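Since the structure comes first, as structure tokens, the remarks are kept for the end.
There are 2 protein chains.
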Amino acid sequence: MSERASESSALGERASESSALSERAGEPRCTAAPAPEVLLARAYLSRVAEPPAAALVRFVEQVGPVEAAARVRRGAVPEQVAGVTAARRAVDRAEADLAAAEAVGGRLLVPEDPDWPTWAFAAFALTGDPELAPPVALWTRGPGRLAQLCERAVAVVGARAATGYGVHVAGEVAAGLADRGHAVISGAAIGVDGAAHRGALAVEGPTVAVLACGVDRAYPASHTALLRRIGEVGLVATEYPPGAVPARHRFLVRNRLLAGMAEGTLVVEAGVRSGAQRTAADARALGRLVMAVPGPVTSGMSAGCHELIRAGALLVARAEEVLEAVGRLGIDLATAPARPLRPTDGLDAVQTLVYDALPARAARDTRWLTIEAGVPAGAVRPALVELERRGLAEYRDGRWQRPSRRRPLEG
Amino acid sequence: MSERASESSALGERASESSALSERAGEPRCTAAPAPEVLLARAYLSRVAEPPAAALVRFVEQVGPVEAAARVRRGAVPEQVAGVTAARRAVDRAEADLAAAEAVGGRLLVPEDPDWPTWAFAAFALTGDPELAPPVALWTRGPGRLAQLCERAVAVVGARAATGYGVHVAGEVAAGLADRGHAVISGAAIGVDGAAHRGALAVEGPTVAVLACGVDRAYPASHTALLRRIGEVGLVATEYPPGAVPARHRFLVRNRLLAGMAEGTLVVEAGVRSGAQRTAADARALGRLVMAVPGPVTSGMSAGCHELIRAGALLVARAEEVLEAVGRLGIDLATAPARPLRPTDGLDAVQTLVYDALPARAARDTRWLTIEAGVPAGAVRPALVELERRGLAEYRDGRWQRPSRRRPLEG
Chain A
1 MSERASESSA
11 LGERASESSA
21 LSERAGEPRC
31 TAAPAPEVLL
41 ARAYLSRVAE
51 PPAAALVRFV
61 EQVGPVEAAA
71 RVRRGAVPEQ
81 VAGVTAARRA
91 VDRAEADLAA
101 AEAVGGRLLV
111 PEDPDWPTWA
121 FAAFALTGDP
131 ELAPPVALWT
141 RGPGRLAQLC
151 ERAVAVVGAR
161 AATGYGVHVA
171 GEVAAGLADR
181 GHAVISGAAI
191 GVDGAAHRGA
201 LAVEGPTVAV
211 LACGVDRAYP
221 ASHTALLRRI
231 GEVGLVATEY
241 PPGAVPARHR
251 FLVRNRLLAG
261 MAEGTLVVEA
271 GVRSGAQRTA
281 ADARALGRLV
291 MAVPGPVTSG
301 MSAGCHELIR
311 AGALLVARAE
321 EVLEAVGRLG
331 IDLATAPARP
341 LRPTDGLDAV
351 QTLVYDALPA
361 RAARDTRWLT
371 IEAGVPAGAV
381 RPALVELERR
391 GLAEYRDGRW
401 QRPSRRRPLE
411 G
Chain B
1 MSERASESSA
11 LGERASESSA
21 LSERAGEPRC
31 TAAPAPEVLL
41 ARAYLSRVAE
51 PPAAALVRFV
61 EQVGPVEAAA
71 RVRRGAVPEQ
81 VAGVTAARRA
91 VDRAEADLAA
101 AEAVGGRLLV
111 PEDPDWPTWA
121 FAAFALTGDP
131 ELAPPVALWT
141 RGPGRLAQLC
151 ERAVAVVGAR
161 AATGYGVHVA
171 GEVAAGLADR
181 GHAVISGAAI
191 GVDGAAHRGA
201 LAVEGPTVAV
211 LACGVDRAYP
221 ASHTALLRRI
231 GEVGLVATEY
241 PPGAVPARHR
251 FLVRNRLLAG
261 MAEGTLVVEA
271 GVRSGAQRTA
281 ADARALGRLV
291 MAVPGPVTSG
301 MSAGCHELIR
311 AGALLVARAE
321 EVLEAVGRLG
331 IDLATAPARP
341 LRPTDGLDAV
351 QTLVYDALPA
361 RAARDTRWLT
371 IEAGVPAGAV
381 RPALVELERR
391 GLAEYRDGRW
401 QRPSRRRPLE
411 G
């Protein structure tokens, strides 16, 4: 599945329109579009329990989605499953939800689909934490193919109340990542999230917006155009059924999906208690890399980032450093920032002492220089010759001094 | 020696004026002012070799300073010692140097003096690195007692071309450290160094300026008044004899003393290649803690700090975090930055789901809320009662809603 995905464009045609491609592989499952009854069952199941629904996900894995949906409907389920499904089990809007998604150009992405990010989401099961249950299904909108996007993806998250600095850095880093083919995963919120999506879009790179509400809703309203654009060229995804309203706990629950879709999570500006820190905690629990951008210690908006770095998150300043950390070995290595070169680079110990002893104006003879530099007598002359060769010493009437244009003393 | 030192004020009387105190301990050495011939010998030795002079320091340890000086004078020394002393061995300005120091209110601090920071400097020998040789002696000026100051000391160093941000943070952190009794060790340069000294002086706290020139010189000239003040209430120290001029390599060599005198070195703003990074490298080699203050990733003046943190230096944002890292166990623990409290703090999972499901305006009955929240039917009513108790839910004519003043959705 991941092989097939990596052969085609991440922003290519929808999976359901490319069955020809998926048929040739001859794999036992996940190669064709899922059956309609599976979609109906998962659509029902995606509404019947509030995520994260660990007990329900386990039950579906055990008996399959169609059987699971039928049993949930009639209440013939284990106690734990009953606890999270009893309230809504009589509500079946599966067909209406599928139609509502289709009406906005969306669809239901299910684990039985070749575009499901099976490998990325496998980490959820490994944590054993019920709060970190994978989604039952994802409602998506856009041409992006999630399984492939998750192969090279970084979650870029941060404060809604970002400063100009945070917005700038989020946009720059996201553009750098997207430009090198990494999908920028974020939450479409104002502030850092929006800047990250826009940074990716600006270089026509891949980006995924993971919502805490229905795929047919634009939240926040001020990001209506941004979400429309992501739906045209990237991917909008949510585990909440159409019409679902954003709620405070849903933003927190949603954050695990941001972390789960990405190789690493980068926090750009966050207060000491913030949703971004929750996403970082989820990423750490999922065994993913946590990174943070530092900022002025005088800015409360960077305090959460500094806290993360002090707790072990990797400090990153540039997209290259993110890529080096999450990227494929040996391919995405960051080049070190350029270091200023000095004419005195490469001088040996004696040459350095002699150079430092050289007077700026009143030239001195080699005997004076030997004492001032504190080097053996025989060593001062070869050192002066080398310094002269480098343009670091001037010889005048038997005496030595620095060249006329003097350099500052300290590095 | 360190016991005695900690009983009296760090900025108290000069050691030579307090022999009564030091006599009672009955320790075998280091309790009385050193003999004049030791001072003369060390004064001669401090000029005869350019620091760091590992071979000379070893030789002095083996035969004692008086014998070492006599042998160096007549050239009767091992080859390695001859190599570093041959050029200047005929120059004996010991008496003149001691007089020059005294003329500016200074003196020569030698390892035989109770104020010598024996414990702090012991780390030099442990490195086995000849570049990290301890000084032969220190020319000092001021009432500060070095051995005691080094017991609780932090080196605060950084760029000369510091930004307003760096100057501000250096001053704030240094004031916080000095206010809690930690000596601020720095190099008296413009930029971060000067701000660090001034921060300590501003709270009348201890500070030590370690120079790369003679104790009778004020470099940089713009810090003449600052150095005078440090000499009045703190301590100015240098391994270079009176009259010695600052030279580029001397700043680098001097940096090991900054690192060696302090429990930890804090870098506040530094370019990717800087003297501060050299001090940090020395501190690491000496087994001392390296700390760095982050800043905007858009600032080249913070790039060196970020590089240090990526290489393992501790990110610190406040004096309290420095003290927690270098301070005595359990005494200087930093208190966590204040976290905002929310009315929803402490709600359990069901209460959170019900709270999020509560409509802001059009009140709903418990049946509707059970379905919307997706919780078991019997669980919604106790949750509502608790929410009402906390002022998070309002009951009106058999229906529930949020209190009139609504809170924002996302954390």
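Chains as they are written, first to last, in the UniProt record's numbering: chain A, 1 to 411; chain B, 1 to 411.
A virtual CB, placed ideally from N, CA and C, is assigned to each residue, including glycine.
Nothing here was measured: the structure is a model prediction, and the numbers come from that model.
Confirm, please, whether the CB-CB distance from residue j to residue i is below 8 Å.
| i | j | result |
| --- | --- | --- |
| residue 474 of chain A | T265 of chain A | Residue coverage of chain A in this structure runs from 1 to 411, which leaves residue 474 of chain A outside it and unanswerable. |
| A87 of chain B | P376 of chain A | yes |
| V110 of chain A | A147 of chain A | no |
| L126 of chain B | G187 of chain B | no |
| A270 of chain A | G312 of chain A | no |
| A212 of chain A | A175 of chain A | no |
| F251 of chain B | G214 of chain B | no |
| H182 of chain A | R217 of chain A | no |
| V192 of chain B | V268 of chain B | yes |
| G142 of chain A | L226 of chain A | no |
| R73 of chain B | R93 of chain B | no |
| L39 of chain B | L108 of chain B | yes |
| F59 of chain B | L286 of chain B | no |
| W139 of chain A | P241 of chain A | yes |
Are the C-beta of residue i and some C-beta of chain B separated by less than 8 Å?
| i | result |
| --- | --- |
| D356 of chain A | yes |
| R248 of chain A | yes |
| T127 of chain A | no |
| Y165 of chain A | yes |
| V81 of chain A | no |
| G374 of chain A | yes |
| V169 of chain A | yes |
| L21 of chain A | With a pLDDT of 35 at L21 of chain A, under the threshold of 50, the modelled position of that residue is not reliable, and no figure is offered here. |
Using a C-beta to C-beta distance shorter than 8 Å, which residues of chain B count as neighbours of residue i?
| i | result |
| --- | --- |
| A317 of chain A | V297, A303 and H306 |
| V154 of chain A | Ordered by position in chain B, no residue passes the 8 Å Cβ test against V154 of chain A, which lies about 16 Å from the chain. |
Residues of chain A with a CB under 7 Å from the CB of residue i: which are they?
| i | result |
| --- | --- |
| L353 of chain B | E50 and H249 |
Considering Cα atoms alone, identify which of the options is closest to residue i.
| i | options | result |
| --- | --- | --- |
| V210 of chain A | A:A237, A:M301 and A:A175 | A:A237 |
| P206 of chain B | B:I230, B:A189, B:G327 and B:R217 | B:I230 |
| G164 of chain B | B:E320, B:S299, B:A218 and B:P134 | B:S299 |
| V156 of chain A | A:A280, A:Q80, A:V233 and A:R396 | A:A280 |
| A70 of chain A | A:P52, A:R42, A:R58 and A:P130 | A:R42 |
| S248 of chain A | B:E95, B:A357 and B:A33 | Residue identity differs from the one stated: residue 248 of chain A is Arg in this sequence, not Ser. The shortest Cα separation from R248 of chain A among B:E95, B:A357 and B:A33 belongs to B:A357. |
| P220 of chain A | A:V245, A:E232, A:A35 and A:G374 | A:V245 |
| E37 of chain A | A:A90, A:V84 and A:E95 | A:E95 |
| L347 of chain B | B:G199, B:R389, B:D113 and B:G83 | B:R389 |
| T224 of chain B | B:E239, B:P241 and B:R198 | B:R198 |
| residue 412 of chain A | A:V84, A:M261 and A:V297 | Since the first residue shown for chain A is 1 and the last is 411, residue 412 of chain A is missing from the structure and cannot be characterised. |
| A178 of chain A | A:I371, A:V322 and A:Q401 | A:V322 |
| E172 of chain B | B:R310, B:D97 and B:G194 | B:G194 |
| V208 of chain B | B:I190, B:V233 and B:S222 | B:V233 |
| P130 of chain A | A:A55, A:A120 and A:A103 | A:A55 |
| A162 of chain A | A:T140, A:A189, A:R145 and A:W139 | A:A189 |
| P382 of chain A | A:T366, A:L98 and A:R180 | A:T366 |
| R288 of chain B | B:H306, B:E307, B:R273 and B:E263 | B:E263 |
| A82 of chain A | A:A49, A:D113 and A:A100 | A:A49 |
Starting from the beta carbon of residue i, find every residue of chain A whose beta carbon is closer than 9 Å, and list them in chain order.
| i | result |
| --- | --- |
| I371 of chain B | A87, R88, A90 and V91 |
Determine, for residue i, whether the minimum Cβ-Cβ distance to residues of chain A falls below 8 Å.
| i | result |
| --- | --- |
| A377 of chain B | yes |
| P28 of chain B | With a pLDDT of 43 at P28 of chain B, under the threshold of 50, the modelled position of that residue is not reliable, and the figure given next carries that caveat. Closer than 8 Å: no. |
Check the Cβ of residue i against every Cβ in chain A and list those closer than 8 Å, keeping chain order.
| i | result |
| --- | --- |
| I309 of chain B | P294, I309 and L315 |
| V84 of chain B | G374 |
Check the DSSP bridge columns for residue i and list the partner residues they point to.
| i | result |
| --- | --- |
| S186 of chain B | B:A209 |
| L314 of chain B | B:M291 |
| G264 of chain A | A:V154 and A:L289 |
Under 9 Å Cβ-Cβ, which residues of chain B neighbour residue i?
| i | result |
| --- | --- |
| G327 of chain A | What G327 of chain A touches in chain B: nothing, since even the nearest Cβ is about 16 Å away. |
Is any beta-carbon of chain E found at less than 8 Å from that of residue i?
| i | result |
| --- | --- |
| R367 of chain B | Note that chain E does not occur in the displayed structure, where the protein chains are A and B. |
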